[in-house]
Amino acid sequence: MSDFEPKVVAFVCNWCTYAGADLTGTSRIKYASNVKIIRFPCTGRIDFMLLLKAFANGADGIIVSGCHPNDCHYTSGNFHAKRRWIMFKELMDFMGIDMNRITFSWVSAAEGARWADVVNSTVTRIRELGPYVSYKELVNKSVEEEVKND
Amino acid sequence: MTNLINRAKELLENGTVKVVIGYEAGPTGLARPAFITDPAKAGKLIYDDRCVQNLAVYLTKAEVKNLGKMAIVSTLPVMRSIMMLISEHQVMGDNIVVLGISTEKELLDIADIGVMKGYIEKCDLRNPEKDRETLAMLNALTPAERFAWWQKEMEKCIKCYACRQACPMCYCIRCTVEVNQPQWIPVQANPHGSTEWHILRAMHLAGRCISCGECGRACPVGIPCHLLTMQLADQVNNYFHVHAGTSDNMTSVLSTYEPNDKESFII
Amino acid sequence: MARIGVFVCHCGENISATVDCGKVAETIGKLKHVALSTEYKYMCSDPGQTLIKEAIKEHNLTGVVVSACSPRMHEPTFRKACAEGGLNPFLCEMANLREHCSWVHEKNELTTEKAIDIVRTQVEKVKLNSALQPIKVPVTKTAMVIGGGIAGIQSALDIANCGHKVIMIERSPSIGGHMSQLSETFPTLDCSQCILTPRMVEVAQHPNITLYTYAEVESVEGFIGNFKVKVRKKAKSLDEKACTGCGLCTTKCPQKKIPNEFEQGMGMRPAIYVPFPQAVPNRPVIDKEHCTYYLKGKCKICEIVCPTKAIRFDQPDEILELEIGAIVVATGFDIKHADFFPEYGYGRYKDIIDGLQFERLASASGPTSGAILRPSDGKVPKNIVFIACAGSRDPAKGIAYCSKICCMYTAKHAMLYKHKVHEGKAHVFYMDIRSGGKNYDEFVRRAIEEDHVNYIRGRVSTIFERDGKLFVKGVDTLLGAMPVEIEADMVVLATAGVANSGAEDLAQKLHVSYDSHKFFAEAHPKLKPVETNTAGIFLAGACQNPKDIPDSVSQASGAAVKVAALFSQSELTREPLVAVVNRTSPPLYSTCVACGMCKPVCPYQAIELEEFKARDGRVVKKAARINEGLCQGCGTCVAVCRSKSIDLLGYSNNQVYAEVVALLNDY
Amino acid sequence: MKTGIYPGCSLTGSARDYNESVFALAEAFGLELNQIPDWNCCGATAAHNLNKELSLALPARILAIAEKNGIDEIIVPCAACYSRLVVTQHELKKNPELKNRINEVIEMDYRGTSKILNVIEWIDKYIIPVVAEKTVKPFNYKVACYYGCLLVRPNKVLNYDRAEDPQTMDVVMTKIGAVPVDYPYKTECCGAGFSVSRTDIVSKLSGKIIEDAEYRGADAIIVACPMCHSNLDMRRPDINKYWATEYKIPVIFVTQAIGLAIGLSPEKVGLKRHFVDVKIS
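Protein chains in written order, with my numbering: chain A, 6 to 155; chain B, -15 to 251; chain C, 24 to 690; chain D, 3 to 283.
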């Protein structure tokens, strides 16, 4: 388990967190390389299904991050996202899907150091949780069934 | 019942409506939906304990809609469905006559949408009691136990989409599961595909589910999938203090916001 | 069949120092549909760009991935290069190997693997890109300048002189800003008002400039070239056309004991007042919070004495709705109030003042007509202490940054004092002297060497009063950290420059970013210091960070040029990354069912319901439609659409899905 | 809510007057104070100059005993002890590894659950809300509130009042009718532990503190630290000798002043134990 390298996907908005992560780079602050970023124009654009797709494709953890409330480049995308994530989280909890594997955060374009913190704390947490076996099994079981049926 | 039949007959006779959507007894004695266009056949209408289906699902069906103005036998969930459908521009309020049925199975005098709104406001809008008990039981489990519980249910799913067809709110002409660019939901009825389908369905009904439980009743393999949407209905009320289907101009919970919406998990 | 070209940039050694660029190019080259995968030292250089242009032709590329720095840095560069090479610019994507990989990770295999994942993701995305045509939108050639200090004035004049209309908004009753309060300016010691007031008058008289004072921005909608700004013109209780500015009302007003903001509370003013004699416009306003009539319903003396009957007590606030093409934010700064330093006794002891108060004392038009007198007893201070960095560079109690202007104005203050009180002694406590700038260090040396100002390198721990003297206890770090105690008659605190009140609120109305100190954020710290993250909104002056006058003026002219460049064309092209609702042939028309969920989420009111009619005029179908001129491409409607009938060009469902899959799976 | 008290060495020795006044107030206001059983030295300045682990282990043991006895909050009248206990809690909270190590050393399970209050916080919480109705002899004097160093520093750790120009004691004194003077020497150094080894330094520094209080017309200096008290009170003859003065201003613990205001006798609050006569009642 000690050589487990978690795969973490970050869904971030272009204007705050992506720019914040750029600032982490320009500030040469180091963080765990397990995280890979996908850029969206706004957190409002991030479809909840994409999170499930990330788990289904082998992600062990997810970060969703955008502008702080009131700071959205498009005024309100992050507020809509917030409601979406409230509902999503409640549903996932109810179905027993592990929400400890998802970090939701607000990281602004000026918070380069904070981005590194968010990444590192998420990676540390996922490392402790280990690989997301139950979702992977869900997918693998399905694949096995397919093979059997063929 | 006589009142209901008389009222239906009257509406059809004086041409107020072209069709009355209600229940009739089927050949095996079970209730089934009836679409009465001939006043002479109004006598077939029944209303008793057998009549549980949410008839509002037919309001958006072209075959029914195209007949003209509709009257519909409406219990509380049907009325709430109508409110949602008007709010979402799927039916027009003045195109529907509501034949309201009280919890005591009495015909209500619902003159217009405003009266219906007043009636709904006085009703208990929570989930049905037996479902509340199951929800409480599930919420008391650990996440791992809940996962196992639901996975056992999901294994049964045959992806027939009866849950979707039975739901008055699932009126899209193209459902996400029919989108294959990209293939959002795996087509197969397997643990993965079924789980994601039910997540998708519940999320799409967040803030819109009126707790009729029709999806669960319709499921041929007995998955209590209505508990998913009902849990979210509870949470919508918990977070945003809204019950779906209480007015004819509801704003959707997931397309509106308050700047001070409370949550505790975003860092 | 897609033919993708991948170009891996070393960025000198910025990327190649931690990422094995050769391995990245080689691995990616083996992917399906990758026609070319190569590496180069500087992709953004001319030969680098030529490499792309030639490859497009040679390999007949259908897509390009430049694996280099952040797309926020160079996406326009490479899209332009692709266009020049004959490829639609929107078929070019960037993989961010520098900011998101090489700069933030150590040199090892994992870092190179991550780089490969990042590039592969963009390859999969670009395969699904479609050729897009830029959207043309009209430009309203009227600029708005928010703030009437020296930066705003300079910007407004420059834009107006280019022949464009300018609307200037100032929230106080007069333009002029902090510069109008200053006595003399460093490093030349010329009188601030003498150089400023002609500019103020020019603004008022310029045919291209419309000036609204006592006005604030209420809301901003729209986008570059097409902003709709609502401005609240606060009621001045005055008919400005009827008023001649005779000033009779201000002399007769019975309320005379209101602390004068312009004098930094060191003088009094009436309730109907002109902030200062050279104010522009030179017309009074009634301060409703202190006016006897507004408070008690009786008085109206000003109305009685007014020879032209210009007073209007029932005047309402007016909301102006303005069409604006570009906005220059020049809202300036404020000084941090000194009472957060309790040990310095500001507020407790009358003879401890801040820098702006000293400016008023030293100003010929100030409360003492330029004589340096103690506020407590009106005596000339014989011994004066200036404390630089009162709050600046002090993360524990004040702010972490350097306020930049204090070293210079403190030297100026000490000099002005010495010029006026020849026998007096001036002491300056400082941390470092930061006097970079033309003739700046010479100026400070003059204060020390010619005017014999006593500079002490060290901080002050406490100030207290005894026997009518202020005891300043500090340390001299150049004399072996010896404690120093000075009995002063007066102390001047060079308090930190901070963001103006209301800056955060305004930033949110404008949708521009701001930093943790509430200063407005520039689009790039080096290369876009005048732009904000929001196209069409520019920054000038100290609203960005504390600045002196020459810096503010230069930046203001810079912002003006940006506006003029924007206004030089009648149409501007916008990135076509907009949301689209699908359309199919009848009878379906669209998979949209017109549930209307997307409408309220759109912040730009870009979504409407379109009706489709049969031949007989009957509405047979309704579906959402997005106005591409209004859509800004946030994509929130895409995520809420249940039937997936809306998609976002450039971030389509197919593309983002492919990115997720490609990021997590090796091929 | 179970309230404990940690007296420390001073309150059982040189500052018995302080101890008596604290318990007198507790009795008068019906407040329970449970002395932490088997308490040990807090380490004071000596320990943290020599050995970091020791300096944390000593207070950790005290806190662990308190936790074991179900004490939710601990009153620490001595400013030095207060500082050591709070610093320990702070250090061990931010460093779980160090906490484990200290737990090994003390062979107990310290968790950090007890809240530590200084004497002013205790007064603020339990006495100020009801002091008005109990006040029989308002303390109508001009007072110079002297905080010293350890009550308010290091500010980031204690998070109590402000390090420069603190106010809490001044506010407490106004509640019993006193008028605090504007006093710039509130946190100046009294000489502290040099009391024993370099009396001349104490005389010099404490002398300035007393001189300014007298200059500002104060009738008494109010303190909340045994060390400050002994330097300003017990070392008065040395101070007067050093400065060739005859300062007579009394030095009173904040608890003693409140005690007098609610009508307790000078004996009850330990005033008889002072070196400088307290001609205040």
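Ideal placement from N, C-alpha and C gives every residue a C-beta, glycine not left out. Model, not experiment: these values are computed from the prediction.
When the Cα atoms are used, what is the spatial distance from C/P623 to C/F635?
22 Å
Taking all protein chains shown into account, do 16 or more other C-beta atoms lie within 10 angstroms of the C-beta of C/S575, making it buried, or fewer, making it exposed?
buried
For C/G268, which of C/V297, C/V252 and C/E284 has the nearest alpha-carbon?
C/V297
Closer than 8 Å by beta-carbon distance: list the chain C residues that pair up with A/L55, in chain order.
V679, Y680 and V683
A/I131 at chain C interface by Cβ criterion, 8 Å:
no
For the segment 84 to 100 of chain A against the segment 115 to 126 of chain A, are there 3 or more C-beta pairs whose distance is under 8 Å?
no
So, for C/N676: in the same chain, excluding its five sequence neighbours on each side, which residues have a beta-carbon less than 8 Å away from its beta-carbon?
V661, K667 and D670
Could you tell me whether any Cβ in chain C is nearer than 8 Å to the Cβ of A/S70?
no
Proximity winner among D/A246, D/K281 and D/S232, relative to D/R18 (alpha-carbon distances)
D/S232
Under DSSP, the alpha helix (DSSP H) around D/E22 begins and ends at which residues?
R18 to A30
Cβ separation of C/T220 and C/Q301, assumed to be a contact under 8 Å, to the nearest whole Å
5 Å
Counting contacts by CB-CB distance shorter than 8 Å, is D/H276 in contact with chain C?
no
If you draw a straight line from the C-alpha of C/A587 to the C-alpha of C/A179, how long is it?
11 Å
Using DSSP bridges, identify the partner residues of C/P506.
C/V498
Run down chain B in chain order and give the residues with a C-beta less than 7 Å from the C-beta of C/G619.
E72 and H73
Members of the segment 208 to 219 of chain D near chain C, C-beta cut-off 9 Å
D214, Y217 and R218
Using a beta-carbon distance below 8 Å, is C/K143 in contact with chain A?
Checking the displayed sequence, the identity of residue 143 of chain C turns out to be Arg instead of Lys. No, C/R143 does not count as interfacial toward chain A.
Contacts of B/T235 in chain C (Cβ-Cβ under 8 Å)
P623
Measuring CA to CA, which of C/K130, C/R222 and C/T236 is closest to C/R194?
C/T236
Run through chain C and tell me which residues come within less than 9 Å of A/P136, C-beta to C-beta.
Correct list: empty, because the minimum Cβ distance to chain C is about 13 Å.
From the DSSP output, read off the bridge partner residues of B/M54.
B/V3 and B/I80
Which ranges would you report for the alpha helix (DSSP H) in the segment 80 to 123 of chain A if only whole runs of at least 4 residues count?
82 to 100
Burial state of B/M138 (16 or more Cβ within 10 Å):
buried
Just to confirm before moving on: does the CB-CB distance between C/Q338 and C/S399 stay below 8 Å?
no
Counting contacts by CB-CB distance shorter than 8 Å, is A/M6 in contact with chain C?
Any reading at A/M6 needs caution, since the residue's pLDDT is 45, under 50, leaving its predicted position unreliable; the model's value is listed next. So no, A/M6 is outside the interface.
Within chain C, the residues that D/D167 reaches when beta carbons sit closer than 7 Å:
P365 and E366
Return the CA-CA distance between A/V123 and A/F60, expressed in angstroms with no decimal places.
19 Å
Is there contact here, the segment 20 to 27 of chain A with the segment 86 to 104 of chain C, by at least three beta-carbon pairs under 8 Å?
yes
Quick check for students: name the residue ranges of the alpha helix (DSSP H) that lie wholly in the segment 503 to 568 of chain C, counting only runs of 4 or more.
526 to 533
Counting only beta-carbon atoms, is C/D43 nearer than 8 Å to chain A?
no
Measure the alpha-carbon distance for A/M6 versus A/G135 and round it to whole angstroms.
At A/M6 the pLDDT is 45, less than 50, meaning the model places this residue with poor confidence and gives no usable figure here.
Please report how far the alpha carbon of C/A361 lies from the alpha carbon of D/E106, in whole angstroms.
49 Å
Going along chain B, which residues have a C-beta under 9 Å from C/V149?
Within chain B, no residue comes near C/V149; the closest Cβ sits about 16 Å away, beyond 9 Å.
Identify whether B/G197 lies in helix, strand or coil by the three-state DSSP scheme.
coil
Could you check whether the Cβ of B/M187 sits closer than 8 Å to any Cβ belonging to chain A?
yes
Within-8 Å CB hit, A/E10 to chain B:
no
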